[in-house]
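J.: Protein chains in written order, with the working numbering: chain A, 59 to 384; chain B, 16 to 457.
If you scroll down you'll find the structure; I have some questions about it.
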Amino acid sequence: MLYVSDSPHIHSADSTHLMMWHVFVAMLPMFVVSILFFGLSALIITLTSVVCCCLFQWVIERFVFHRPSMVGDGSAVVTGMLLAFNVPATPSMYWIIIIGALVSMGIGKMAFGGLGHNPFNPALVGRVFMLISFPVQMTTWPVAKQWISGQVDAMTGPTPLGLIKETIANGGTIADVSSQLPSWGSYVLGSMGGSLGEVSALAIIAGGVYLLCCKVITWRIPVSFIGAAFLLSGLLWLVDADMYLDPLHTLLSGGLLLGAFFMATDMVTSPMSHSGQLVFGIGCGLLTVVIRTWGAYPEGVSFAILLMNAVTPLINKGFRPKRFSA
Amino acid sequence: MLKTFAIGGIHPSDNKLAANQPIEYLPLPQQVVVMMSQHIGAPAVSLVEPGDKVLVGQLIGEGKAFMSANIHSPVSGVVTKVDMCRDIAGMPKPAVYINVEGDEWLSTIDRSPEIKYECNLDPSQVFDKIKEMGIVGLGGATFPTHIKYAANDDRNIDYLIVNGVECEPYLTADSRLLVEHATEICIAIDIVRQARGIAHAAIGIEANKPEAIALMTQVAGRFESLEVVPLKMKYPQGAEKQLIYAITHRRVPSGKLPIDVGCIISNAGTMFAIYEALQKNKPLFERVVTVTGKGVKTQHNYKVRVGTSIKSLVEFSIGEIPGSVGKIISGGPMMGKAIFNLDAPTTKGMGGVLIMNESESVRQEETTCIRCGKCLNACPMGLEPYLFSALVRHERYAEARQRNILDCIECGSCAYSCPAHKPLTSEIRLGKAKVRAMMPKK
């Protein structure tokens, strides 16, 4: 018996599952770094988040949609990890993350029909829900310690961005707090305050480069995101260095790199054409700086990406690929 | 930096397993079934009756319509019937059945191995001869060659492009011809170029055929205005519009033909057939067919008389078809057609028979589109395959047309790349057919 089918008869062997697996591998450096700096709590939060995301998706598919579960494609694992990487490593997150996972999967993803249909990045939906519902817990940051010196310290002050926002709001200038900002080295290696996944620029960039090499993402969104944020913050900084943070700190602080490489590049919620991806990245970068500078929250990456997610269908309509024979 | 086309494209492994197998003659079959329609356009009209004796190269079908081509007997013997036969898809097609007796050629055909350089035909005779000899495009489209070069067309053509790309994985028929008959191919290019009054000729060959590039460059140097252009390996480089861009940087506009940008494009195999027709007086009744596949032990490039059944070709090549075979394809894996009827005869346009294992033959189950954009990146025409898929599923054909679905060249790059294993190319084919059906008849 022979098969008969339409051409093409061969396939690249690429699959959704494989792409998700690549994203998972790309996040491992961040995962390792978070455990090194935050210890057991990072591990507990990440595992809880991943298990809950998978479980909630399975339950919804099994009992609400009555269809075979797609948990095996790995997208729930990726969402779970990203969600965990966006929260502080404190014990109160052990249970809050469960709610975050429920919102991520339930409202962020499954309410729209599951993978491929969700307009917003599910992990960011979960994160923003937690940020608004649990503002105190979500902005209480443990200081990441050098792993050699042992235990994670007690709760301490705000992140660099929070510190600046507070100082400016109270009439101070950047110069007043510059001594309290982390050193360049600690940004890169990861001993500054912040969420699980955003503390080490090196780990994020390593993962990002891996994704680029595996062709899971293209350079367009990360580069335009980072570039636009750099340019706008640089412009502001040139206007008034006392009131506005310098561009390099802007890039390295908060979740900007994590957002640019791992959140904004979520293929389901970002544009498909090359030009559309550039527009999307530029929008994310500009909005991030605008929200950080003039918004109520010190951090703007999540909101910026979610806002751009909302206009992605419009970008897809307005910025089509360049036809060969126009 | 090697030249290539503008956007999109994919890099499937080329699997040219038969690349080093010299062309062999397939033994004559006992019977041939010569289809009267081995080309685009109207079938040829049969000139023979049952009982007629025919010689190799004798005209047995006349291309009477404007868009048609002559058919010649590939064997000597007796016509047993003039009837329908079933093609590879199982569709009935008119054909002439001939029982083979001996191998007696028309005396007008020059069977000597000497290479003949001079052509003493004047320009219009060249194309009349091409028509008479039943030459069609051998790259797969089987467009009647004499119409393509129609001498009464007054559009200015300054580029004759010869397609030696053979970008389909597995197929090696053209690259064998380039290596074994470089001089003949160059002679044909030169004659056609001069007869049509074209300033430049260029032959594009992909970088995975260094032997052919080196040899052709050496031979082409002896001819005027004939350039060999090595190209970067990328599929679908051999697609007409892509190859024209790679070599001349001209873009064929939507809905237009190569001739509209001053180009005529022919396959290297067609050029060899033209050489034989003009210089050896030999009609097109045999061609090189690659018989290959990962699951078969021996790889071959056969010179096959058209009308030989595919089954006998495959069985001569690999013996009894093993149970592990899952699919047999006429042509390459990207654009070839899966064969439904193995008893169908070979035709002028069939450049390869690809034998695939069962494990390679089954499509993966389709999952949801994750909007990764890989189909957009792969599309060499700059289209949006994922969008066509959705529009076709919702029967929104007018929008599909507006989004230029008819620009699609059906190269298969989108479906090849799709991580969700969506049958994008198949859906687009359906959409194109529906859109065409909706368009007013010309």
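Just so it is clear, CB atoms sit at the ideal spot from N, CA and C, and this is done for glycine as well.
Note that the structure is a prediction, hence the values are computed from the model and not measured.
Measuring CB atoms only, is the region 215-228 of chain B touching the region 339-359 of chain B, in the sense that at least three cross pairs come out at less than 8 Å?
T.: At 8 Å Cβ cutoff, the stretches do not touch.
J.: Buried or exposed: where does Ile206 (chain A) fall if 16 or more other Cβ atoms within 10 Å of its Cβ makes it buried?
T.: Your numbering for residue 206 (chain A) matches position 148 in the first sequence. With a pLDDT of only 41 at Ile206 (chain A), under the threshold of 50, the placement of this residue in the model should not be trusted; the figure read from the coordinates follows. Per the 10 Å Cβ criterion, exposed.
J.: Under 8 Å, Cβ to Cβ, is there at least one residue of chain B near Tyr268 (chain A)?
T.: Working through the first sequence from its first residue, we reach residue 268 (chain A) at position 210. So no, Tyr268 (chain A) is outside the interface.
J.: What does the alpha-carbon distance come out to for the pair Gly24 (chain B) and Gln257 (chain B)?
T.: The residue you call residue 24 (chain B) lines up with position 9 of the second sequence. The residue you call residue 257 (chain B) lines up with position 242 of the second sequence. Approximately 10 Å between the Cα atoms of the pair.
J.: Would you call the CB atoms of Thr106 (chain A) and Phe89 (chain A) closer than 8 Å?
T.: Taking the first sequence and counting its residues from 1, one reaches residue 106 (chain A) at position 48. Taking the first sequence and counting its residues from 1, one reaches residue 89 (chain A) at position 31. No, the Cβ-Cβ distance between Thr106 (chain A) and Phe89 (chain A) is not below 8 Å.
J.: For Gly105 (chain B), count neighbouring Cβ atoms within 10 angstroms of its own Cβ and tell me buried if that reaches 16, exposed if not.
T.: If you number the second sequence from 1, residue 105 (chain B) lands on position 90. The residue in question, Gly105 (chain B), is exposed, as its Cβ has fewer than 16 Cβ neighbours within 10 Å.
J.: Do you know whose CA, among B:Cys426, B:Gln379, B:Ile262 and B:Ala156, lies nearest His54 (chain B)'s CA?
T.: As a position in the second sequence, residue 54 (chain B) is number 39, starting the count at 1. His54 (chain B) has its Cα closest to that of B:Ala156, out of B:Cys426, B:Gln379, B:Ile262 and B:Ala156.
J.: In chain order, what residues of the region 72-83 of chain A put their CB closer than 8 Å to some CB of chain B?
T.: Per Cβ criterion, the list reads Asp72, Ser73, Thr74, Leu76 and Met77.
J.: Do we get a CB-CB distance below 8 Å when we pair Ile349 (chain A) with the residues of chain B?
T.: The residue labelled residue 349 (chain A) in the question sits at position 291 within the first sequence. No, because no Cβ of chain B sits closer than 8 Å to the Cβ of Ile349 (chain A).
J.: Can you pull the chain B residues whose beta carbon is under 7 Å from the beta carbon of Leu173 (chain A), in chain order?
T.: Here residue 173 (chain A) refers to the residue found at position 115 when the first sequence is read from its first residue. In chain order: Thr383 and Ile385.
J.: Out of B:Thr362, B:Glu335, B:Lys31 and B:Pro37, state which residue places its alpha-carbon closest to the alpha-carbon of His87 (chain B).
T.: Within the second sequence, residue 87 (chain B) is the residue found at index 72, counting from 1. Answer by Cα proximity: B:Thr362.
J.: If we define contact as Cβ-Cβ less than 8 Å, is Arg101 (chain B) a contact residue for chain A?
T.: If you number the second sequence from 1, residue 101 (chain B) lands on position 86. Closer than 8 Å: no.
J.: Compare the beta carbon distance of Ala254 (chain B) and Val243 (chain B) with 8 Å and say whether it is the shorter of the two.
T.: For the purposes of this step, residue 254 (chain B) is identified with residue 239 of the second sequence, where counting begins at 1. For the purposes of this step, residue 243 (chain B) is identified with residue 228 of the second sequence, where counting begins at 1. No; because the gap between Cβ atoms is not below 8 Å, this pair is not in contact.
J.: Measure from the alpha carbon of Thr231 (chain A) to the alpha carbon of each residue in A:Thr217, A:Ala299, A:Ile275 and A:Arg125, then state which is nearest.
T.: Here residue 231 (chain A) is taken as the residue at index 173 of the first sequence, counted from 1. Thr231 (chain A) has its Cα closest to that of A:Ala299, out of A:Thr217, A:Ala299, A:Ile275 and A:Arg125.
J.: Can you look up Lys318 (chain B) in the DSSP assignment and give me helix, strand or coil?
T.: Position 303 of the second sequence, counting from 1, holds the residue named residue 318 (chain B). Here Lys318 (chain B) sits in strand by DSSP.
J.: Give the range of the beta strand (DSSP E) segment to which Arg101 (chain B) is assigned.
T.: Walking along the second sequence from the start, residue 101 (chain B) turns up at place 86. Here the beta strand (DSSP E) through Arg101 (chain B) covers Gly92 to Arg101.
J.: Between the C-alpha atoms of Cys342 (chain A) and Ala322 (chain A), what's the straight-line distance to the nearest angstrom?
T.: The residue labelled residue 342 (chain A) in the question sits at position 284 within the first sequence. The residue labelled residue 322 (chain A) in the question sits at position 264 within the first sequence. Roughly 8 Å separates the two Cα atoms.
J.: Can you list, in chain order, the residues of its chain whose CB lies under 6 Å from that of Cys112 (chain A), leaving out five sequence neighbours each side?
T.: Counting from one through the first sequence, the residue named residue 112 (chain A) turns up at place 54. Val129 and Ala134, listed in sequence order.
J.: Counting pairs of Cβ atoms below 8 Å between the region 377-385 of chain B and the region 352-365 of chain A, do you hit three or more?
T.: As far as the Cβ criterion goes, the region 377-385 of chain B does not touch the region 352-365 of chain A, which means the pair count is below three.
J.: If you draw a straight line from the C-alpha of Ala217 (chain B) to the C-alpha of Ser332 (chain B), how long is it?
T.: Taking the second sequence and counting its residues from 1, the one referred to as residue 217 (chain B) is at position 202. Taking the second sequence and counting its residues from 1, the one referred to as residue 332 (chain B) is at position 317. Taking the straight line joining both Cα atoms gives about 35 Å.
J.: Pull the bridge partners of Pro159 (chain B) from the DSSP assignment, please.
T.: The residue labelled residue 159 (chain B) in the question sits at position 144 within the second sequence. Pro159 (chain B) pairs with B:Val151.
J.: Does the beta carbon of Leu272 (chain B) come closer than 8 Å to any beta carbon on chain A?
T.: Taking the first residue of the second sequence as 1, we reach residue 272 (chain B) at position 257. No, no contact with chain A.
J.: Going along chain A in order, which residues have a C-beta closer than 7 Å to the C-beta of Lys309 (chain B)?
T.: Start at 1 with the first residue of the second sequence, and residue 309 (chain B) comes out as number 294. Simply none; closest approach about 11 Å.
J.: Determine the closest residue to Phe20 (chain B) out of B:Lys247, B:Cys433 and B:Pro268, with distance taken between C-alpha atoms.
T.: What you label residue 20 (chain B) is simply residue 5 of the second sequence in a count that begins at 1. Of the listed residues, the one whose Cα sits closest to Phe20 (chain B) is B:Lys247.
J.: Which residues in the same chain have their Cβ closer than 7 Å to the Cβ of Thr440 (chain B), if we skip the five residues on either side of it in sequence?
T.: Your numbering for residue 440 (chain B) matches position 425 in the second sequence. So the list reads Glu425, Gly427, Cys429 and Ala430, once near-sequence residues are dropped.
J.: In chain A, which residues lie with their C-beta within 8 Å of the C-beta of Thr440 (chain B)?
T.: The residue labelled residue 440 (chain B) in the question sits at position 425 within the second sequence. What Thr440 (chain B) touches in chain A: Asp64, Ser65 and Pro66.
J.: So what's Val63 (chain B) in DSSP terms, helix, strand or just coil?
T.: By 1-based counting over the second sequence, the position of residue 63 (chain B) is 48. Of the three classes helix, strand and coil, the one that applies to Val63 (chain B) here is coil, per DSSP.
J.: Which runs of the beta strand (DSSP E) at least 3 residues long sit entirely within the region 96-144 of chain B? Give them in chain order.
T.: Counting whole runs of 3 or more residues, the region 96-144 of chain B contains the beta strand (DSSP E) stretches 107-115.
J.: Among B:Arg386, B:Leu32 and B:Glu442, which has the Cα closest to the Cα of Ser73 (chain A)?
T.: The residue labelled residue 73 (chain A) in the question sits at position 15 within the first sequence. Taking only the C-alpha atoms, the option nearest Ser73 (chain A) is B:Arg386.
J.: Looking only at its chain, what residues have a beta carbon closer than 7 Å to the beta carbon of Gln36 (chain B), apart from the 5 residues adjacent to it on each side?
T.: Mapped onto the second sequence, residue 36 (chain B) falls at position 21. Correct list, in chain order: Gln314, His315 and Asn316.
J.: Are the beta-carbon atoms of Thr187 (chain B) and Ala288 (chain B) separated by less than 8 Å?
T.: Translated into the one-based positions of the second sequence, residue 187 (chain B) becomes position 172. Translated into the one-based positions of the second sequence, residue 288 (chain B) becomes position 273. Contact flag unset, no.
J.: Listing by chain order, which chain A residues have their CB less than 7 Å from the CB of Tyr431 (chain B)?
T.: Against the second sequence, residue 431 (chain B) aligns to sequence position 416. In chain order: Pro66, Ile68, His69 and Ser70.
J.: Measure the alpha-carbon distance for Leu132 (chain A) versus Gly376 (chain A) and round it to whole angstroms.
T.: As a first step, residue 132 (chain A) is located in the first sequence; it is residue number 74 there, counting from the start. As a first step, residue 376 (chain A) is located in the first sequence; it is residue number 318 there, counting from the start. Here residue 132 (chain A) is Gly; the residue named in the question, Leu, does not match the sequence. Their backbone Cα atoms lie some 31 Å apart in a straight line.
J.: In chain order, what residues of the same chain lie with their CB nearer than 8 Å to the CB of Phe82 (chain A), ignoring the 5 residues before and after it?
T.: Against the first sequence, residue 82 (chain A) aligns to sequence position 24. Gly132, Val135, Val136 and Met139, listed in sequence order.
J.: So with Cβ pairs under 8 Å, would you call Ala368 (chain A) a contact of chain B?
T.: Looking up residue 368 (chain A) in the first sequence gives position 310. With 8 Å as the cut-off, Ala368 (chain A) does not count as an interface residue toward chain B.
J.: Phe355 (chain B) touches chain A at which residues, Cβ-Cβ below 9 Å?
T.: For the purposes of this step, residue 355 (chain B) is taken as residue 340 along the second sequence, with counting starting at 1. Those within 9 Å of Phe355 (chain B) in chain A are Leu60 and Val62.
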